[in-house]
Amino acid sequence: MKGKSYEAGLKGELMDGRMNATFSVFNVERTGTAVLDERYAENYSLWGASCCYLPQGKVSSRGFDVEVGGEVSSGWQLAAGYTFNQTRDKTEGTVFSSITPKHLFKLSTVYTLPGALSKWRVGGSGRIQSTQYVSGSVTNSSGESQPYKFTQDGYATWDLMLQYRFDPTWTLSPEPEQCL
């Protein structure tokens, strides 16, 4: 595969330098992506896949990314970001990577408790992404082509964080599954 990647963006400060913001657009073009050689029958088995591929595909990935993060107020940090990514198989005129989320939103925050509790930090984060799917067809033992499509609906994951600072170099945070 060979490819070219172009990205342009802006970075800046907000709130007297306490917050940073970035915005970028990207375009990735690649050629030589493996495509199934149609001269050979598709043969999917338990231990293998079709035998032969050719380096002919043309794939593009285009989108933008925006992120904002920093200290919103004393002891409170916040970061948020959104990515839009659209991948296309330019050879076939279809979606190329249906397992790459088209929409991705990330949010995280951490707060250092005030006063006598300042050795404690609490926080959380979330990641929300759009639907993903895999589709195609497979040839069954009778030689018939059977289409398939597996879909993973959009979903969110959430994390919580608790941290205690013993001194400037040592902190303790329980493992996520222990925070239940």
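Residue 1 is where the sequence shown starts when you use the UniProt record's numbering, and the numbers rise one by one after that.
Ideal Cβ placement from N, Cα and C applies to all residues, glycine included.
Rank Gly154, Ser141, Cys52 by C-alpha distance to the C-alpha of Glu38 and give the top, closest one.
Cys52
Since Met161 sits in a beta bridge, which residues does DSSP pair it with?
Gly123
With a cut-off of 8 Å, do at least 3 Cβ pairs link the stretch 130-146 to the stretch 159-171?
no
For Phe150, the residue or residues it bridges with in DSSP:
Val134
When DSSP labels each residue in this structure, what does Gly143 get in the three-state scheme?
coil
Cα-Cα separation, Leu104 to Arg121
27 Å
Gln178 to Trp170 span [Cα, whole Å]:
With a pLDDT of only 47 at Gln178, under 50, the local geometry of the prediction cannot be trusted, and no value is derived from it.
Which value, in whole angstroms, describes the spacing of the CA atoms of Gly123 and Glu175?
14 Å
For the beta strand (DSSP E) holding Ala116, just list the boundary residues, first then last.
Run containing Ala116: none; DSSP gives neither H nor E here.
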